[in-house]
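Student: Chains as they are written, first to last, in the UniProt record's numbering: chain A, 1 to 151; chain B, 1 to 262; chain C, 1 to 366.
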Amino acid sequence: MKGLLKGLGVTFKSMTAKKVTTSYPDVPFVMPDRFRGIQHFEPDKCIVCNQCARVCPTECITLTGKANPDPEKKGKVIDTYDINFEICILCDLCTEVCPTEAIVMTNNFELASYSRDELFKDREWLDNNNRNVRQDNNNIGAPAAAKGGAK
Amino acid sequence: MSEERDKTAGMPSSGDTVGTAGEAPKETAGTVEGKEQSGQEQASANAEPAAPAAPSSAEASAAPVVDPEREAKLKAAAEAREARAAAKAKAESEAVPEEPKAPSPKQPILDAAVGLIRTEVAEDAVEEAYINELNGHMPVIVVKGDRWSEVAALMKNHAALGCNYLRNVTGVDCETHMEAVYHLVSLESKQDYAIKIKTDREAPSVASATPIWATANWNEREIYDLLGINFPGHPDMRRIMMPDDWVGHPLRKDYEPLDPEV
Amino acid sequence: MIRTEELLLNVGPQHPSTHGVFRIIVKLDGEVITEAIPVMGYLHRGTEKLAEDLNFTQIIPYTDRMDYVSAMTNNYVLCHAVETMMGLEIPERAEFMRLIVMELQRVASHLVWWGTYLLDIGAMSPFLYAFRDREMIIDFFNELCGARLTYNYMRVGGVKWDAPEGWLDKVRDFVPYMEKKLDEYNNLVSGNEIFLARIKGIGQYDAQTAIDYGLSGANLRCTGVDWDLRRAEPYSLYNRFEFDVPLGKTGDCYDRYLIRLEETRQSLRILKQALEQIPSSGEVMGKVPRVIRPPAGEVYVRIESPRGEIGCHIISKGKAEPYRLKFRRPSFVNLQILPKLLVGETMTNLITILGGIDIVVGEVDA
Chain A
1 MKGLLKGLGV
11 TFKSMTAKKV
21 TTSYPDVPFV
31 MPDRFRGIQH
41 FEPDKCIVCN
51 QCARVCPTEC
61 ITLTGKANPD
71 PEKKGKVIDT
81 YDINFEICIL
91 CDLCTEVCPT
101 EAIVMTNNFE
111 LASYSRDELF
121 KDREWLDNNN
131 RNVRQDNNNI
141 GAPAAAKGGA
151 K
Chain B
1 MSEERDKTAG
11 MPSSGDTVGT
21 AGEAPKETAG
31 TVEGKEQSGQ
41 EQASANAEPA
51 APAAPSSAEA
61 SAAPVVDPER
71 EAKLKAAAEA
81 REARAAAKAK
91 AESEAVPEEP
101 KAPSPKQPIL
111 DAAVGLIRTE
121 VAEDAVEEAY
131 INELNGHMPV
141 IVVKGDRWSE
151 VAALMKNHAA
161 LGCNYLRNVT
171 GVDCETHMEA
181 VYHLVSLESK
191 QDYAIKIKTD
201 REAPSVASAT
211 PIWATANWNE
221 REIYDLLGIN
231 FPGHPDMRRI
241 MMPDDWVGHP
251 LRKDYEPLDP
261 EV
Chain C
1 MIRTEELLLN
11 VGPQHPSTHG
21 VFRIIVKLDG
31 EVITEAIPVM
41 GYLHRGTEKL
51 AEDLNFTQII
61 PYTDRMDYVS
71 AMTNNYVLCH
81 AVETMMGLEI
91 PERAEFMRLI
101 VMELQRVASH
111 LVWWGTYLLD
121 IGAMSPFLYA
131 FRDREMIIDF
141 FNELCGARLT
151 YNYMRVGGVK
161 WDAPEGWLDK
171 VRDFVPYMEK
181 KLDEYNNLVS
191 GNEIFLARIK
201 GIGQYDAQTA
211 IDYGLSGANL
221 RCTGVDWDLR
231 RAEPYSLYNR
241 FEFDVPLGKT
251 GDCYDRYLIR
261 LEETRQSLRI
271 LKQALEQIPS
281 SGEVMGKVPR
291 VIRPPAGEVY
301 VRIESPRGEI
311 GCHIISKGKA
321 EPYRLKFRRP
331 SFVNLQILPK
341 LLVGETMTNL
351 ITILGGIDIV
361 VGEVDA
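Okay, here's the thing in C-alpha cells:
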C-alpha cells in the first residue's frame, strides 16, 4: 500500500505543476535558428558547382545550368534546380558544402500536401520560400573570405 | 589528374609483407592530393576534386567554372603536388631499408594463440596470422575452413584464451572469395581476437559456431540471408531479414535485383 | 467432449507494444506460451548495402535512422571507426561536445524506454512524464544541430557545430532538474506494489546464459557481470570521469529496470563533470582531409549505446566509400534470448519481457 500512496503523492503534486502543453497549431511553433527545415534557394548566388547534388545522400537534387547570358562574365548560371522532397531527408549536407550559400535551410517544416506532385519543388518555389531563413549556417564550404570559387 | 594518381599508385611498395594489414603509406599522398586549398569541405561522392582541369566531366549536368585564373592556380597546384609526391616517393624508398617496423605489443599474444591452435588442433589449421594495427593492434587469425569448429571450441574453452563472448560475426563478399569474420573477446582478460574464415564463392560454407556461442545463431542467419554463406550445423538456417520467398542474396557485390524499383 | 488445441497467435507486426514493426509467432496452450518464433525484417532498409555507394559523410544521416531513439551514439560509432582507421586527432572541445551529447542522449533514450515500458505494463502517466522531460532534451538538440531526432551532428574529425550561446548553461540547469525528477519517478513507480508484482522474477536468466547469447548493456549487467564498455574498453574521454556501473543480482526484469534508472542517474553525474571540464573555447573540427579516404584495412570499434554494445566493422579498400560496412546492433543480438525466455511464460509476461530487453526495431533490422 505504501508504494501506491507514494506514487499517488507524486501524481497529485504534478497536478498542480505548470502545464507544458503548447497549443499548436493555434500558436505557431517557433523553431530555433539552426532548425533544418525545407530549403531556400537563391539562383543569383548559385555558381553551378554541383557539390550539393553530389553530396546529397539520397540524390534528390537535380540541377542544370546554362552559360551565362551576359557575354562579359564567365561561368554558368542556374537554369533549373529541383529538389525531390519525397526523398529529401533534410540532412543539411547540401547547405554545408555550398560555397556561396546559395542554398540554405529555412525553419519551415510544414510540408504536408494533398498530392505527391507538390513535393517536387522547383527553382521558383525554392526561391520564393524565403520566410524564416536560417541565419546560422556554419557553412564549411564557404569560409568567410570565399569569393565564390568552387573548391 | 589521372596521371597524378598513377604516379602515387606506382610508388615502390615499401616491402609490406603479410605482417600488417593497415599500413598504406601511398594512401596518405592520395588524401593530400584531394585538397587543393585548405579548408575542410565535406567529401563528395566522387574522389576527383570539383574542377578537373579538363572540361570533360562524366556527369550529365554542368561542368564547374573554369577561368584562366583558376587554370593557372590548378596547374600550379598540380605541379606542387607532383613535386611533393615525387619527394615523398624518394623519401619512402630511402627510409624503408633503414628501419623495420617495431613489433607490435600484442605480437606475443598472437603468437601464443597461434601456437595453441597449432598444437591443440592441427598443424595446418592456421593459414595466416597478423596484427591489425589500425584497430588497436587486434590479433587476427585466418583459420582454415574445415578446422573452424575445433578452433572455435578451443578459443572458448581453453583457459589461456577463454573467449567466452562472441561479439560480432560479419560476412564479407570479397570478389574472389567470401569470408566470415568472428570477433571474440574474453571478458576476464579483455583480450580481443578476430578470426577469419575464407570460403569460396560458388558454394560458400563455414561451420556454424552456434553450438559453441549462442550469439552466432541470428548473426549467421543474417549472413546466410544477405550473402548466401551456408552454415552447416546451424539449428535453424532460414532467412531472417528478407521475406522467406526472396530469390538471391542482396548484399553480394553481383546482386541484380529482379525488380529495380524495389 | 472438450478438447484443447494449440493456438498459433501472431503478436503481429502492427502492435502498440512491440516497439516497432516486429512480429512474434507464439504457440499458445491456453495462456501459456509453448514456443515463440520472432520474425523480423519489416523495417530492413538495406543500410549496409547502401553504404557501399556512399562516402562516409553521406552515411552519417543513415546511421541516425538505425537506432532512432539514440541517434548520437550511432553517429559516434561510425565517426569513431573512421577516425580510428585514419588515426585522426580530435580537438578536445569537440570530444567534450560529443560526450555531453552522448550522455544526454543516454538519458533521453532511457526516458523513452521507461515511459514506453510502463505504458506497456499498464501505467499511463509515467509515459507523459518521461516524454515531458525528454522534450527538454530534444529541444536542446534542436537548438544545437537543428533536428529533433535524426541529428546528423557528428562528422569525421569532430562535430558539425559548436554549442550556441547559452546552451551549455541550459544543460547545466537541466541536470539538477532531471535528478529531482528521477527521484520523483522512483517514488512514483519503483515502490508500487502492483508494479513489483508484475515485474519481479520475470524473465530471469543467469550470467552464463547472458554471456553465451552475447547480451550487452543492461541485459548483461543485470546478472552481475561487470562489463560496461565505457569502463572496460574506454573510448572518447570516459576515463576522465568518475561514475559507477550499476550491477544487478538476480537477472530478472526488475533488475534491468533498476539498472537503467541508475544508469540515467550516473549519466547525469558524468554530464555534471563534463560540463565543468569542457574547455571554454576551441576548434570543433580537427584537421581532416577534404576527401575522407581511410587506408586499406579493416577496423571494428564498439561503444556503449543505451541498448548495449553497438559496433561498427568497416572494411575499406582505400576508397572514399567503404567496401563493407557492418553494424553490430545491440537490439538484434539482445533479442536472440527472447524465444528462450518466453517458453513457459504467460501472454502478459511476453510484453513485460520484450519491453525489458529494450529493443528498437530500426536497429534490429538495420
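The beta carbon of each residue, even a glycine, is placed where N, CA and C say it ideally should be.
Leaving out five residues before and five after C/D255 in sequence, what residues of the same chain have Cβ atoms less than 6 Å from its Cβ?
Tutor: Excluding positions up to five away in sequence, the list reads C222, G248.
Student: Would C/M124 be called buried (16 or more neighbouring beta carbons within 10 Å of its own) or exposed?
Tutor: exposed
Student: Could you give the residue range of the beta strand (DSSP E) that holds C/S316?
Tutor: 308–316
Student: Comparing the CB of A/E101 with every heavy atom of the ligand COA, is any distance shorter than 8 Å?
Tutor: This structure simply doesn't include the ligand COA, nor any ligand for that matter.
Student: Below 8 Å between beta carbons is the criterion; list the residues of the region 120–138 of chain C that meet it against any residue of chain A, in chain order.
Tutor: S125, Y129, R132, E135
Student: Enumerate in chain order the residues of its own chain whose CB-to-CB distance from C/I337 is below 6 Å, with the five nearest sequence positions on each side excluded.
Tutor: Y213
Student: What distance in whole Å lies between the Cβ atoms of C/G308 and C/G224, which are believed to be in contact at a cut-off of 8 Å?
Tutor: With 8 Å as the limit, C/G224 and C/G308 do not qualify as a contact, their Cβ atoms being about 16 Å apart.
Student: Rank C/E276, C/L271, C/V343, C/P289 by C-alpha distance to the C-alpha of C/I100 and give the top, closest one.
Tutor: Answer by Cα proximity: C/L271.
Student: Using three-state DSSP, classify B/A63 as helix, strand or coil.
Tutor: Any answer about B/A63 is weak, because its pLDDT of 42 lies below 50 and its placement is not dependable; what the coordinates show is given next. Of the three classes helix, strand and coil, the one that applies to B/A63 here is coil, per DSSP.
Student: Would you identify the three-state DSSP class for C/A36, choosing helix, strand or coil?
Tutor: strand
Student: How about C/W161: is its C-beta nearer than 9 Å to some C-beta of chain B?
Tutor: no
Student: Compare the C-beta of C/Y68 with all C-beta atoms of chain B and state if any pair is closer than 9 Å.
Tutor: Chain B, which has no Cβ nearer than 9 Å to the Cβ of C/Y68, makes this no.
Student: At the level of alpha carbons, what is the spacing between C/I2 and C/D29?
Tutor: 14 Å
Student: Give me the chain C residues within the contact set of A/D92, using Cβ-Cβ distance strictly less than 9 Å, ordered along the chain.
Tutor: P61, C145, G146, A147, N152, K160
Student: Kindly identify the DSSP beta-bridge partner or partners of A/S113.
Tutor: In the DSSP output, where bridge partners are listed per residue, A/S113 has none listed.
Student: Please classify C/E176: does DSSP put it in a helix, a strand, or coil?
Tutor: Correcting the residue identity first, residue 176 of chain C is Pro in this sequence and not Glu. Correct three-state label for C/P176: helix.
Student: Return the first residue and the last residue of the alpha helix (DSSP H) that B/E127 is part of.
Tutor: First-last for B/E127: 126–132, but that is the beta strand (DSSP E), not the alpha helix (DSSP H).
Student: Are B/L154 and B/I117 closer than 9 Å when you measure CB to CB?
Tutor: yes
Student: So what does C/S305 bridge to, in DSSP terms?
Tutor: C/G308
Student: Could you tell me which residues DSSP pairs with C/Y205 in its beta bridges?
Tutor: For C/Y205, which the question treats as bridged, DSSP gives no partner whatsoever.
Student: Considering only their Cβ atoms, is the gap separating C/L258 from A/V10 smaller than 9 Å?
Tutor: no
Student: When the Cα atoms are used, what is the spatial distance from A/D82 to A/A53?
Tutor: Cα-Cα distance, rounded: 10 Å.
Student: Measure from the alpha carbon of B/E120 to the alpha carbon of each residue in B/A159, B/I212, B/D244, B/Y130, then state which is nearest.
Tutor: Residue B/A159 is the option with its Cα nearest to B/E120.
Student: Thinking C-alpha only, which one of C/E184, C/G41, C/S70, C/D226 is nearest A/L5?
Tutor: C/E184
Student: Could one say the Cβ of C/R91 lies closer than 9 Å to chain B's Cβ atoms, at least one of them?
Tutor: It is worth fixing the name first, because residue 91 of chain C is Pro in this sequence and not Arg. Not one chain B Cβ lies under 9 Å of C/P91.
Student: Expressed to the nearest angstrom, what Euclidean distance is found between the alpha-carbon atoms of C/V21 and B/W218?
Tutor: 18 Å
Student: So who's on the other strand from C/N10, going by DSSP bridges?
Tutor: Beta-bridge pairing links C/N10 to C/I25.
Student: Can you list, in chain order, the residues of its chain with a C-beta nearer than 6 Å to that of C/S17? Leave out the 5 residues immediately preceding and following it.
Tutor: Within the same chain, C/S17 has close Cβ partners D120, I351.
Student: Just list the residues that DSSP pairs B/S205 with in beta bridges.
Tutor: B/N230
Student: Please return the same chain residues whose Cβ sits closer than 7 Å to the Cβ of C/M102, not counting the five positions on each side in sequence.
Tutor: M72, T73, Y76
Student: What are the residues of the region 345–356 of chain C that lie near chain A, defined by any Cβ-Cβ distance shorter than 7 Å?
Tutor: Per Cβ criterion, the list is empty.
Student: Would B/L226 and C/E363 be called neighbours here (beta carbons separated by less than 9 Å)?
Tutor: B/L226 places its beta carbon 9 Å or farther from that of C/E363.
Student: I believe A/Q39 touches A/I103 by the beta-carbon criterion, under 8 Å. Please report the beta-carbon distance rounded to the nearest angstrom.
Tutor: 5 Å
Student: Give the straight-line distance between the Cα atoms of B/A216 and B/V169, rounded to the nearest whole angstrom.
Tutor: 7 Å
Student: Please list, in chain order, all residues of the same chain as C/Y62 whose beta carbon is under 6 Å from its beta carbon, the five residues on each side excluded.
Tutor: T47
Student: Can you find the residues in the same chain that come closer than 6 Å, C-beta to C-beta, to B/E59, ignoring five residues on each side of it along the sequence?
Tutor: A caution first: B/E59 carries a pLDDT of 38, below 50, which makes its placement in the model too unreliable to give a value.
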